[in-house]
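For the protein sequence lines, the chains are L and D, in the order given.
Quick note, the working numbering runs 84 ahead of the 1-based positions in the first sequence.
Quick note, the working numbering runs 1429 ahead of the 1-based positions in the second sequence.
Every residue, glycine too, gets a C-beta built ideally from N, C-alpha and C.
Below you'll find the structure, written out as structure tokens, and then a few comments.
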Amino acid sequence: MNVVRREDQELDLVPGQVVGLIGAPGFGLTRIGLSMLAGAGGWLACVDVRGWLCPAAAWEAGVSAERLVVVRCSDPLQWPQVTAALVEGMGAVYAEVPPGAAPQMLRRLGALARARSTSLILRPVSGELPKGLVFTRLEAQEVEWHGVGEGHGRLRSRRLQLLASGKGMGGIQQLIEVEDDGTDAVRVVSRMAVAMPERAVG
Amino acid sequence: MRRREAEAVCPTVVTLAQDPGAEAGAFEPVVATMEQLIPRVEIANPGLAFLPVGGAVRYYGGEEALVERLAEGIEAACGSGALLGLAHGPFAAHRAAIQARVGVPYIVTDEAGFLASLDIGAIGREELADTFRWLGITTLGELARLPRAAVASRFGLLGISAHEQASGEDRSLRPRQIPEDAGVEEKFEEPLVNLEQAGFVSRRLAHELLEPLQAQGVAPHQVEIEGEAVDGTVLRRIWRSADPFDEPNLAERVRWQLRAWVESGGISGGLRRLRIAPADVSGEGRQLGLAEDPVNDAEATRALIRAQSLLGPDAVLLARRQGGRDPADQVQWFRWGENEPAPARDPAAPWPGKLPAPSPALMPPQPPSVNVEWDEGMPARVRLRSRWEPVLSWAGPWRRVGRWWEGEGSGDRYQIVTSAGAFLCEVREGKTYLVGIYD
């Protein structure tokens, strides 16, 4: 595996581009998505499929309560229409994708986001996103929590490893380590370009 | 009097929240009675209505005769208690009604003299009145004697409107030409019978009405609400507001009016058609804030209205911080489009036993149970997604005492860290529940 160090950058949203967050609940991607949302302008919307999202976490990640609208949509049939409506009007949208969402419908949403210059973060509740849809794909690899021991302490900070790929990363797979303590923005600690062995280079 | 003082004076007192919808409903028979005598009633608030009496005075043969008939009519329909005042302008008439006594209407004959005798506080703007008092102006008469240009240069628009009121020239709204057919209408194939639907429709109509007007820089002070019942009865009402209507305000008035009609049985079989039209439009417009972007806001509003019409009002939510121990308790939800409620619990107060930050990002409303293997009172393994994950580290137990006086049990909370993430679990009566995911 070739490892090249690159300069540190923040994880930022690009207007009109789609970010995909892949990983099971627990790997810390909700908070990554919310803190990315905090950097966007205008009204912000979260499409909450299960009704689980806790805005307290969004506020801690820096999203202002005045700008955040949570839309609860448990019906997978209505989800595309609702998300499309939000993409048309909001500054940025964080949307959980219900299981079994049709790939062509997700592609249409991506096209709409590009046309409207809305940042769209897609977080599948389970499974994957279709290929070629996302501008930046962040896949959770590992999460490590600090602050607790054998029954003492409390959760204080975490460090997670994300495998980033897509056009947003310049076509290079990168291993990004981010750190946050839950009360401020996510810091990128290190960033490595990774040439995966199975990937043809050139 | 503040609520706490009231409770100290009378411990058995019951405090109720204000319910403008119910007030509008109770006021409806009064308005209906007045309307039988004089058409085109203007309702300012539930409980305060203005009647243009120019033509009616001649028809009924004099002011006294008219007021007497009105008082009799109202008393016959809804009992005594009405205060009636009659003057040239609505401001003077309102002041006259305040000075009237039950059964003794106050008819102002010398309007300038009546207004001149009023205390400066009558202009209704406390701060401005205080400034006038400080300057030695204690009655409206003294204010009216000042040159209007001088008042305008010192107090601006507020001063002008106060001066106009004091001089009896307050038929205030400088009406502009109403744009062609600014009214909006909605017909219902299936008649509206449900108040919730009505509230929903009213918000959409208010948006449709105000958006084009906003673009022209005008805002209505008066709107006419017209409803048609299935049996063909057409009901019409004018609502009036001291400040130009904005969307939530207007939607609220429409909802009150519909509720009033429904509760008084005015709409039989449901509503077939609803129309709102500006009855006059003032150029005072709404000044935008510096950071406000009308285009973005309008787009966001449209998007949220669309989402709301797809999912219903309970699905589009805003949240504010309030006090509480759990992150879920610290969030006060309210529907988008409604007024922000006052926090039920003080967010600044100390909350001992509060869950420390960072908060779990995902909190299932009904915590599912989760299998945890315990080893001498310490968590050893957790079953997640059909796999047993060893517990790497954990914190707790933190005792959570519920409201035992309401039959709520207590539980022990643990923060459990595995290689698949950190979780907040609660042990209640021997079972473990997944309360939150630190995602």
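Residue environment, residue i, which counts as buried when at least 16 other CB atoms sit within 10 Å
i         : result
Ala1627/D : buried
Met1463/D : buried
Leu152/L  : buried
Pro1677/D : exposed
Gln188/L  : exposed
Gly1457/D : Before going further, note that residue 1457/D is Glu rather than Gly in the sequence given. The residue is buried, with at least 16 neighbouring Cβ atoms inside 10 Å.
Glu1555/D : exposed
Met1792/D : buried
Val218/L  : buried
Arg1603/D : Only weak support exists for where Arg1603/D lies, its pLDDT of 37 falling under 50; the value from the coordinates is given anyway. With fewer than 16 other Cβ atoms within 10 Å, it is exposed.
Met253/L  : buried
Leu1634/D : buried
Met120/L  : buried
Ala1494/D : exposed
Spatial distance of residue i from residue j (CA atoms)
i         : j         : result
Pro99/L   : Arg198/L  : 8 Å
Gln101/L  : Gly175/L  : 12 Å
Glu132/L  : Ala1748/D : Looking at the sequence shown, residue 132/L is not Glu but Asp. Taking the straight line from one Cα to the other gives about 14 Å.
Leu1784/D : Arg242/L  : 17 Å
Trp1563/D : Ser1670/D : 29 Å
Leu1821/D : Ile1845/D : 8 Å
Gly1585/D : Leu1572/D : 14 Å
Glu223/L  : Ala248/L  : 6 Å
Gln1761/D : Val166/L  : 23 Å
Leu1853/D : Ala142/L  : 18 Å
Thr1730/D : Tyr1489/D : 49 Å
Ser1788/D : Ala140/L  : 7 Å
Leu1575/D : Ile1552/D : 15 Å
Ser1693/D : Pro1772/D : 34 Å
Partners in chain D for residue i, counting only beta-carbon separations shorter than 7 Å
i        : result
Ala140/L : Pro1756, Gln1759, Val1760 and Ser1788
Leu121/L : Under the 7 Å cutoff, chain D gives no residues; its nearest Cβ is about 12 Å from Leu121/L.
Ala114/L : The residue you asked about is not Ala; residue 114/L is Thr in the sequence shown. The contacting residues are Ala1790, Leu1791 and Asp1868.
Arg238/L : Pro1785, Ala1824 and Gln1844
Pair within 8 Å by beta-carbon distance, residue i and residue j
i         : j         : result
Ile1667/D : Gln1651/D : yes
Leu170/L  : Ala1744/D : no
Ala1526/D : Gly1514/D : yes
Leu113/L  : Arg191/L  : no
Arg221/L  : Ile106/L  : yes
Trp1780/D : Gly235/L  : no
Tyr1867/D : Val1799/D : no
Arg1431/D : Thr1444/D : no
Pro1475/D : Glu1504/D : no
Gly62/L   : Pro160/L  : Because chain L here runs from 85 to 286, residue 62/L falls outside it and cannot be looked at.
Gly1698/D : Ala1658/D : yes
Ala1541/D : Tyr1535/D : no
Ala1786/D : Glu144/L  : yes
Proximal residues of chain L, C-beta to C-beta of residue i below 7 Å
i         : result
Val1846/D : Trp229 and Val232
Trp1765/D : Val153
Ser1822/D : Val232, Gly233 and Glu234
Val1745/D : Val153 and Val155
Unbroken alpha helix (DSSP H) run spanning residue i, endpoints
i         : result
Ile1589/D : Arg1577 to Ala1595
Leu193/L  : Pro187 to Arg200
Glu1598/D : Premise fails: Glu1598/D is in no alpha helix (DSSP H) and is neither H nor E.
Thr1861/D : Segment Lys1860 to Tyr1867 is the beta strand (DSSP E) holding Thr1861/D; no alpha helix (DSSP H) there.
Gly1450/D : Pro1449 to Leu1466
Ser119/L  : Leu113 to Ala122
Ser249/L  : Premise fails: Ser249/L lies in the beta strand (DSSP E), Gly237 to Ser249, not in any alpha helix (DSSP H).
Residue range of the beta strand (DSSP E) that includes residue i
i         : result
Asp223/L  : The identity of residue 223/L in the sequence shown is Glu, whereas the question assumes Asp. Segment Thr220 to Val232, the beta strand (DSSP E) holding Glu223/L.
Glu1655/D : Ala1648 to Ala1658
Val1801/D : Val1801 to Asp1804
Asn1474/D : Glu1471 to Asn1474
Phe1872/D : Not covered by the structure: residue 1872/D. The range shown for chain D is 1430 to 1868.
Contact list for residue i against chain D, beta-carbon separation under 9 Å
i        : result
Leu118/L : Ala1790
Phe111/L : Ala1849, Gly1850 and Asp1868
Proximal chain D residues relative to residue i, where beta-carbon distance stays under 8 Å
i        : result
Glu144/L : Ala1786, Pro1787 and Ser1788
Chain-ordered chain L contacts of residue i [CB-CB under 9 Å]
i         : result
Arg1750/D : Pro139, Ala140, Trp143 and Ala149
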